[in-house]
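Protein chains: 2
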Amino acid sequence: MIKTGSNELRKDPLLGRWVAVLNRSRTPAEYVLPQPESSETSCILCRGREGEAPKEIMSIKSTCAGASDKDWATRVVPNVDPIFHIEGELGRRGDGMYDKMNSIGANEIIIESPHHNVPPEELGLEQMTKVIITYRERMADLEKDPRMRYTLIYKNSGSDAGAVYSHPISHLASTPVIPKRVKEELDGAKQYFAYKERCIFCDIVSEELRAGSRVSLETKNFLAFCPYASKFPFEVWIMPKNHSCAFQDISPDETEDFALILSSILKKMRKLFSGVSFNYFIHSVPNRMPRKDHWHTLGEDYHWHLEMMPRFLKTSGFEWGSGFYILPTSPEAASKYLREV
Amino acid sequence: MIKTGSNELRKDPLLGRWVAVLNRSRTPAEYVLPQPESSETSCILCRGREGEAPKEIMSIKSTCAGASDKDWATRVVPNVDPIFHIEGELGRRGDGMYDKMNSIGANEIIIESPHHNVPPEELGLEQMTKVIITYRERMADLEKDPRMRYTLIYKNSGSDAGAVYSHPISHLASTPVIPKRVKEELDGAKQYFAYKERCIFCDIVSEELRAGSRVSLETKNFLAFCPYASKFPFEVWIMPKNHSCAFQDISPDETEDFALILSSILKKMRKLFSGVSFNYFIHSVPNRMPRKDHWHTLGEDYHWHLEMMPRFLKTSGFEWGSGFYILPTSPEAASKYLREV
Chain A
9 MIKTGSNELR KDPLLGRWVA VLNRSRTPAE YVLPQPESSE TSCILCRGRE
59 GEAPKEIMSI KSTCAGASDK DWATRVVPNV DPIFHIEGEL GRRGDGMYDK
109 MNSIGANEII IESPHHNVPP EELGLEQMTK VIITYRERMA DLEKDPRMRY
159 TLIYKNSGSD AGAVYSHPIS HLASTPVIPK RVKEELDGAK QYFAYKERCI
209 FCDIVSEELR AGSRVSLETK NFLAFCPYAS KFPFEVWIMP KNHSCAFQDI
259 SPDETEDFAL ILSSILKKMR KLFSGVSFNY FIHSVPNRMP RKDHWHTLGE
309 DYHWHLEMMP RFLKTSGFEW GSGFYILPTS PEAASKYLRE V
Chain B
9 MIKTGSNELR KDPLLGRWVA VLNRSRTPAE YVLPQPESSE TSCILCRGRE
59 GEAPKEIMSI KSTCAGASDK DWATRVVPNV DPIFHIEGEL GRRGDGMYDK
109 MNSIGANEII IESPHHNVPP EELGLEQMTK VIITYRERMA DLEKDPRMRY
159 TLIYKNSGSD AGAVYSHPIS HLASTPVIPK RVKEELDGAK QYFAYKERCI
209 FCDIVSEELR AGSRVSLETK NFLAFCPYAS KFPFEVWIMP KNHSCAFQDI
259 SPDETEDFAL ILSSILKKMR KLFSGVSFNY FIHSVPNRMP RKDHWHTLGE
309 DYHWHLEMMP RFLKTSGFEW GSGFYILPTS PEAASKYLRE V
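First to last, the sequence lines map onto chains A and B. Residues are numbered in this note's numbering as their position in the first sequence, beginning at 1, plus a constant of 8. Residues are numbered in this note's numbering as their position in the second sequence, beginning at 1, plus a constant of 8.
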């Protein structure tokens with residue numbers, strides 16, 4: 009490792025993308041990455057090893073019969089080696105012709121179960137509901153920090169999806185900028201609204217219900233479908249059927265229903281592809297954007313959702329150079345497999 | 009495989025991204041992909057097996073001592089299983105609320121050597137010059153087709169970079185739309201030009217020469233450097249030092265110099281990381297954009313370049329959900345390793 013000061017965020021001058029540059033610069037020899045060990049039976053995220061993990065941020069108590077006060081169901085801790093630091097000022101400044109700022113933000117690990125090696129599809133409905141509640145509470149809490157513009161909840165399951173722990177976890181990253189991918193969605197939704205005076209996501213829900221061929225599962229409040237122009241085969245989006253811009257506004261009734269549809273899709277995915285690696289993330293409206301109070305601004309044209317992507321395919325120079333994707337299974341065929349499994 | 013009609017291009021309504029949906033929809037069982045076999049010693053792209061490959065589009069003759077008229081140095085053939093088809097009309101049309109068109113375009117394989125298993129860094133300068141000439145000739149030829157808006161030349165080397173052949177090849181894809189990633193660059197460059205009245209790429213060249221810390225190699229006409237906000241560690245861009253919007257306008261003198269800098273960077277990369285997979289691609293101005301004739305339009309604010317990305321790191325839900333990248337080695341440290349190797 010070569011120390012070059014503290015972590016910093018740098019802005020790509022051409023595309024407006026941000027990157028975090030780590031201060032402990034990894035040497036070429038350090039690029040042989042350790043793979044998650046499947047033979048491991050316990051880690052510092054397990055029940056009973058709380059003392060070895062970073063200090064707890066929050067937890068939800070276990071409601072199992074016979075559980076003591078110390079028994080937790082889900083638990084949130086800071087990243088062991090955080091990329092974003094919660095303390096300090098943004099310090100936006102120039103660097104020659106470029107722009108940078110301090111790497112302020114939050115990196116948290118959401119521990120989905122006290123037990124090691126539980127696959128996410130086997131958490132069970134009650135536990136998954138607690139995971140969703142944990143997501144919501146952390147997002148609502150971090151939204152209060154005026155330096156944070158966005159909180160992304162995401163999950164890496166399997167080594168091809170970038171997972172480095174075999175304990176069931178999700179991740180959270182709060183950033184002082186609205187990430188490019190989210191900004192693009194906001195801009196796309198805004199343009200559509202300007203033309204149609206309707207939320208594009210609400211229109212997508214209607215269109216998918218009308219067409220039917222890309223629907224994977226429908227519950228009382230949610231629709232799971234393979235998007236018309238998916239990036240990856242068997243990509244699934246889960247969207248609330250009624251308009252709602254912020255995931256944090258989810259009601260208790262919807263929370264259980266969301267846990268149900270997410271669990272069901274994970275089970276279906278696992279039945280089709282036993283060892284599949286996948287990612288999912290939640291896209292919600294950015295912080296400090298008017299929601300309930302100023303209904304006719306951003307709340308009206310954005311709609312939160314979850315995007316899940318199985319990671320079978322290796323991206324090539326074509327995808328990186330063009331941003332154009334090739335779909336070897338059509339969304340209609342993928343949806344049929346998911347419906348029928 | 010399930011047949012669902014012909015390949016089609018679909019537009020993502022939110023982000024404006026296009027995807028190609030293949031007609032021979034792959035089933036879940038078909039997602040165990042064959043890996044390139046390193047034990048293979050010959051393939052249909054080798055000299056002597058020309059009859060087994062698709063019909064040749066062009067070739068450059070060998071100038072080696074004793075070479076016959078039939079001996080080629082580089083050769084271009086259509087993809088064995090093309091995603092884009094050269095025949096037909098675009099047929100842009102609606103599909104419910106969505107948009108699609110026929111999968112018109114070109115997919116070609118640029119065979120970089122008659123010999124199997126030659127690593128790209130060992131082609132030698134003369135052969136690499138012929139590869140660059142082949143790139144230029146194909147791009148110039150495809151630009152004449154009014155249906156094609158863009159031609160991307162790209163290379164996948166190693167299975168982690170999406171390579172499926174062990175023969176040394178590059179790829180070419182001509183598309184009827186300007187790919188999103190290129191459009192973003194054009195837009196970024198245009199915005200910068202509108203404010204500064206200077207080409208952002210020319211300014212980047214000046215800034216990198218001034219700072220020096222991110223320069224990996226400099227030749228008479230080209231600069232190789234690790235970009236300030238790289239997506240991946242050890243990412244290298246090669247850019248002409250003098251303003252030029254179109255790769256096809258490269259002079260014979262510059263062609264040799266470009267072959268030299270590209271070969272040298274490939275050798276350096278291989279010395280640092282012996283088995284590394286990488287991608288590179290060339291970004292040039294889109295087809296049908298005014299260049300020499302109307303100097304004060306697009307030609308002034310765009311600048312062709314090559315982007316090379318080693319593929320050590322697995323992208324996670326964070327990158328896919330945010331478009332935000334984490335750089336474990338700073339561009340300054342990476343450049344120092346590349347300079348000194």
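Glycine is no exception: its CB is placed at the ideal position from the N, C-alpha and C atoms.
- Of all residues in the segment 314–337 of chain B, only E315, M317, P318, R319, F320, L321, K322, T323, S324, G325, F326, E327, W328, G329, S330, G331, F332, Y333, I334, L335, P336, T337 place a beta-carbon less than 9 Å from a beta-carbon of chain A.
- Listed in chain order, the non-local C-beta contacts of S182 of chain B below 6 Å within the same chain comprise G113, A114, L150, M156, T159, local neighbours out to five positions each way being set aside.
- For the segment 256–277 of chain A, no residue has a beta-carbon sitting nearer than 9 Å to a beta-carbon of chain B.
- Take the alpha-carbon of V244 of chain B and the one of K19 of chain A: they are about 17 Å apart.
- Proximity of chain A to M105 of chain B at the Cβ level (cut-off 7 Å) is accounted for by D211, E215, in chain order.
- Relative to F332 of chain B, the option among A:F209, A:G329, A:K191 whose CA is nearest is A:K191.
- Burial state of S76 of chain B is exposed, judged by a 10 Å Cβ sphere holding fewer than 16 other Cβ atoms.
- Annotation: the continuous alpha helix (DSSP H) that includes K204 of chain A extends over 188–204.
- When the five nearest sequence neighbours on each side are left out, the beta carbons in the same chain lying within less than 8 Å of the beta carbon of F326 of chain B are those of F332, I334, in order along the chain.
- Counted as a single uninterrupted DSSP element, the beta strand (DSSP E) harbouring Y158 of chain B occupies residues 158–165.
- With its beta carbon at least 7 Å from every one in chain B, F240 of chain A lies outside the interface.
- Under a 10 Å Cβ-count criterion, K163 of chain B is classified as buried, with 16 or more other Cβ atoms of the shown protein chains found around its own Cβ.
- When 9 Å is used as the limit between beta carbons, G170 of chain B is near these residues of chain A: L321, K322, T323, S324, G325, F326, E327, in chain order.
- Between the C-alpha atoms of D257 of chain A and T263 of chain A there is a straight-line separation of about 10 Å.
- With respect to the 7 Å criterion, I118 of chain A and V172 of chain A are not classified as neighbours on the basis of their beta carbons.
- Measuring C-alpha to C-alpha distances from I177 of chain A to each of A:T142, A:I186, A:K198, A:C210 identifies A:T142 as the nearest.
- In the DSSP secondary-structure assignment, E315 of chain A is bridged to A:W245, A:F289.
- Chain B has no Cβ within less than 7 Å of the Cβ of I94 of chain A.
- Among the residues of chain A, those whose CB is under 9 Å from the CB of Y345 of chain B are T35, P36, following chain order.
- Using a Cβ-Cβ distance cut-off of 8 Å, the segment 187–201 of chain B and the segment 224–241 of chain B are not in contact, since fewer than three pairs of beta carbons, one from each stretch, lie closer than that value.
- Assignment of beta-bridge partners to A232 of chain B by DSSP yields B:L225, B:I246.
- Taking 7 Å as the threshold, the shortest C-beta distance from V244 of chain A to chain B does not fall below it.
- Per the DSSP secondary-structure output, I212 of chain B pairs with nothing in a beta bridge.
- The C-alpha of M277 of chain B is placed about 35 Å away from the C-alpha of K204 of chain B.
- Pairing E348 of chain A with S221 of chain A gives a Cβ-Cβ distance that is not under 7 Å.
- The Cβ atoms of T337 of chain A and P241 of chain A lie closer than 7 Å to each other.
- Between K228 of chain B and D195 of chain B, the gap from beta carbon to beta carbon reaches 7 Å or more.
- In this structure I94 of chain A is not in contact with A28 of chain A, their Cβ atoms being roughly 14 Å apart against a cut-off of 8 Å.
- Residues of chain B with a Cβ closer than 7 Å to the Cβ of D20 of chain A are, in chain order, A237.
- In this structure, F255 of chain B and R144 of chain B form a Cβ contact; the two beta carbons are roughly 7 Å apart against a cut-off of 8 Å.
- Taken in chain order, the members of the segment 132–159 of chain B whose beta-carbon sits within less than 9 Å of a beta-carbon on chain A are Y158.
- Taking the Cα positions, R189 of chain A is about 13 Å away from K239 of chain A.
- If you draw a straight line from the Cα of R34 of chain A to the Cα of L346 of chain A, it is about 41 Å long.
- Linking N287 of chain A to D168 of chain A through their CA atoms gives a straight-line distance of about 9 Å.
- S67 of chain A is bridged by DSSP to A:R83.
- Contact annotation: E64 of chain A and P86 of chain A have beta-carbon atoms that are not nearer than 7 Å.
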